[in-house]
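Student:
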Amino acid sequence: MTYQRIHQLYRDKHSIRSISRITGLNWRTVKLQLSMSEEDFLTISQQKKGRKKLLLEFEDFIYNRLRSLPDTSSAQIHDLLKEQFPGFGPISPKTVYNFVMAIRAKYSLSVEEPTRQYQMVAELPYGQQAQVDFGFYNMRTTEGRTRKVQFFCMSLSRSRFKYVLFTDRPFTTITVIEAHERAFSDFGGHASGTYL
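Residues in the sequence shown are numbered consecutively from 3, following the working numbering.
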């Protein structure tokens, strides 16, 4: 039973995040179950058993998908259900998420975290390699409100020179191209380098 497994892992000194990773459950679900007594958990479980699950007929399909590709997200499952089953009704993403998490818990299908591949990049001559990053920051205006400011940052890999462009609108393909051109112009070069 998932409730007992969560509490046993917690007694074994696992953190909520670690238990979430092991069981495949959302950390909020883990935290909620840790805060419940066994009697409360059983009462809620009995109440849930009385409800008809909308996605019960798709359980085998979802289980097989999660077993063969454990890192499939609930959003991907939702899209697959709409593609594979023409009669699939208007079911909310939250309902699909809850059902996917229930299947993960029922069959102990934890999410496998992808391992990142690291490789050292060869050092190239000056002006041939740059890295571009995007981000945002919520800034206070003079009226005391907050406003989201988007930014584009290009960093030359060898010299570490940086160029930053701020805007109060989301970036589009055109504005990204313009940002690159402005950065190259500022650096005194042209768009012929390699990007990472």
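No residue lacks a Cβ here, since even glycine has one placed at the ideal position from N, Cα and C. Values in this document were obtained by computation on a predicted structure and should not be read as measured data.
Could you check which residue in Lys164, Phe63, Gly89, Pro92 has the C-alpha nearest to that of Ile79?
Tutor: Numbered from 1 along the sequence shown, position 77 holds the residue referred to as residue 79. Nearest C-alpha to Ile79: Phe63.
Student: Between Phe154, Leu158, Asp42, Ser70, which lies nearest to Phe138 when the distance is taken from Cα to Cα?
Tutor: Here the question's residue 138 lines up with position 136 in the sequence shown. For Phe138, the nearest C-alpha among the options comes from Phe154.
Student: Assuming Leu111 contacts Pro72 (C-beta within less than 8 Å), just tell me the rounded distance between them.
Tutor: Taking the first residue of the sequence shown as 1, we reach residue 111 at position 109. Taking the first residue of the sequence shown as 1, we reach residue 72 at position 70. That pair is a contact at about 6 Å.
Student: Give me the Cβ distance between Phe163 and Phe189, rounded to the nearest whole Å; I'm assuming they're in contact under 8 Å.
Tutor: As a first step, residue 163 must be located in the sequence shown, where it is residue number 161. As a first step, residue 189 must be located in the sequence shown, where it is residue number 187. Indeed they touch by this definition, with Cβ atoms about 6 Å apart.
Student: Taking Cβ positions, are Ser200 and Val113 nearer each other than 7 Å?
Tutor: No answer is possible for residue 200: the residues shown for the chain start at 3 and end at 198.
Student: In three-state DSSP terms, what is Met122?
Tutor: Along the sequence shown, read from residue 1 onward, the residue named residue 122 stands at position 120. In this structure, Met122 counts as coil in the three-state DSSP scheme.
Student: Please state the DSSP three-state secondary structure of Asp62.
Tutor: The residue you call residue 62 lines up with position 60 of the sequence shown. Helix at Asp62.
Student: Buried or exposed: where does Ile21 fall if 16 or more other Cβ atoms within 10 Å of its Cβ makes it buried?
Tutor: In the sequence shown, counting from the first residue as 1, residue 21 sits at position 19. Ile21 should be labelled buried.
Student: Please report the Cβ distance between Leu126 and Arg160, rounded to the nearest whole angstrom; I am assuming they are in contact, meaning their Cβ atoms lie under 8 Å.
Tutor: Numbered from 1 along the sequence shown, position 124 holds the residue referred to as residue 126. Numbered from 1 along the sequence shown, position 158 holds the residue referred to as residue 160. Sure, about 7 Å apart at Cβ, within 8 Å.
Student: Pull up the distance between the alpha-carbon of Ile179 and that of Leu82, whole angstroms please.
Tutor: If you number the sequence shown from 1, residue 179 lands on position 177. If you number the sequence shown from 1, residue 82 lands on position 80. For Ile179 and Leu82, the distance between alpha carbons rounds to 34 Å.
Student: Pull up the CB-CB distance for Ser157 and Gln121, whole angstroms please, since I reckon it's below 8 Å.
Tutor: The residue you call residue 157 lines up with position 155 of the sequence shown. The residue you call residue 121 lines up with position 119 of the sequence shown. 19 Å between Cβ atoms; not a contact.
Student: State the CB to CB distance for the pair Thr45 and Thr25, rounded to an integer number of angstroms; the pair is presumed to be in contact (CB under 8 Å).
Tutor: As a first step, residue 45 must be located in the sequence shown, where it is residue number 43. As a first step, residue 25 must be located in the sequence shown, where it is residue number 23. Contact doesn't hold; Cβ gap of about 21 Å is too wide.
Student: Quick check on the DSSP output: what are the complete alpha helix (DSSP H) runs of length 4 or more inside the stretch 151-190, in order along the chain?
Tutor: Counting only runs of 4 or more, we get 175-189.
Student: Can you tell me where the alpha helix (DSSP H) with Val32 in it begins and where it stops?
Tutor: The sequence position of residue 32 within the sequence shown is 30, counting from 1. 29-37 is the extent of the alpha helix (DSSP H) around Val32.
Student: Taking the alpha carbon of Tyr109 as the point to measure from, which residue in Pro95, Asn66, Asn140 has its own alpha carbon closest?
Tutor: Here the question's residue 109 lines up with position 107 in the sequence shown. Answer by Cα proximity: Asn66.
Student: Could you spell out the range, first to last residue, of the beta strand (DSSP E) harbouring Gln130?
Tutor: Translated into positions along the sequence shown, residue 130 becomes position 128. Here Gln130 belongs to no beta strand (DSSP E), and DSSP marks it neither H nor E.
Student: May I ask you to list the residues that DSSP assigns as paired with Arg67?
Tutor: As a first step, residue 67 must be located in the sequence shown, where it is residue number 65. For Arg67, which the question treats as bridged, DSSP gives no partner whatsoever.
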